[in-house]
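Reading through the structure tokens given below for one structure.
Numbering (full-length UniProt numbering), first residue to last: 1 to 338.
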């Protein structure tokens, strides 16, 4: 597992960081969310114009998507491995219960107490530790008691393969000033600038949500597969995990380009084809990716919340207090009443 952790951290600090730095140079310094007065076709055209350089990035659907897919698959692998081990431990514990003097509870009291006594007389016959204590040697008794203690305490151990991976990734990300970015001088959240990483992932996801621009006459682009057909969900697992570990989940959900387009199109219900991109099909894909993002964020929130609750360290949040604005005004003398 240490090799997997190390490989994942090297992917973040190496090729992923290099590609994200290149994408940052392609995003305009200011890219805001137009008001809802713009209809959805105009909004789509606005984003295509301002984020066009990101879509034309040569390595977007090559090496960059590949390294994100590898990181996302590692995250999913550790999560599935931890769940499989937890199921196996529970099954082993259930099968070993009769042999470790764990008597199943009776459904009721009163008359069933006699049945409970019958069970107490039946199960000790297969209790391995008591039988070895009666007929085994000293070394066998020690070995059996250690094995029984090991079986009973297995479920109390924390199978934290997935949690350890998230901790390793968070340590690498939060210790690098490139990922955390520079805090503004007035401590006010930057809503339109490109300085935060969630802007990069929002721009990338905007192009991942685009459907194929194939037509009946265009047979060349008809064979182009969608991004999820090549790289699967690993892209979103990697991007959402990085955003979550940076603490930018709420900002991403509030200022995401695709979600803003979805909200505006849901309000006006218009449909058009901009640069060969069908608006209604793109909105359908945005809904699917939005549900996927919510599921990923929900899993990560549950895991990290359990981790913070089990740890003894208190989590402190930085709360900034802003002084009320002071306006210059001409002081008026009170009127004297004679």
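Note that beta-carbon positions come from the ideal geometry of N, C-alpha and C, so glycine has one too. Owing to the predicted nature of the structure, the values given are computational and were not obtained by experimental measurement.
Asked	Found
Residue 8, enclosing alpha helix (DSSP H) - first and last residue	2-11
Alpha-carbon spacing of residue 29 relative to residue 15, whole angstroms	23 Å
Residue 210, buried or exposed, once every other Cβ within 10 Å from all chains shown has been counted against 16	buried
CA nearest to the CA of residue 181, picked from 6, 21, 94	21
Local Cβ density within 10 Å of residue 72, reported as buried at 16 or more and exposed below that	buried
Residue 58 burial status per 10 Å Cβ neighbour count (16 or more: buried)	exposed
Simplified DSSP assignment, three categories, for residue 195	coil
Reference residue 351; option with closest CA among 276, 295, 258	Outside the displayed span of the chain (1 to 338) sits residue 351, for which this structure offers no information.
Residue 73 - DSSP class collapsed to helix/strand/coil	helix
Meets three-Cβ-pair contact criterion under 8 Å: the region 260-267 and the region 37-50	yes
Extent of the continuous alpha helix (DSSP H) to which residue 161 belongs	161-174
Check whether residue 268 and residue 39 have beta carbons under 8 Å apart	yes
Inter-residue spacing [alpha-carbon to alpha-carbon] between residue 133 and residue 92	23 Å
Within 8 Å, strictly: CB atoms of residue 279 and residue 54	no
Burial state of residue 276 (16 or more Cβ within 10 Å)	exposed
Straight-line Cα distance separating residue 85 from residue 1	14 Å
Alpha-carbon to alpha-carbon, residue 160 and residue 12	21 Å
Where residue 33 falls, given that 16 or more other Cβ within 10 Å makes a residue buried	buried
Assumed close pair residue 76, residue 234 - CB separation to whole angstroms, cut-off 8 Å	7 Å
Sequence-distant residues of its chain with Cβ nearer than 8 Å to residue 138 (five each side left out)	none
C-alpha gap between residue 165 and residue 82, whole angstroms	11 Å
DSSP-derived helix/strand/coil call for residue 144	helix
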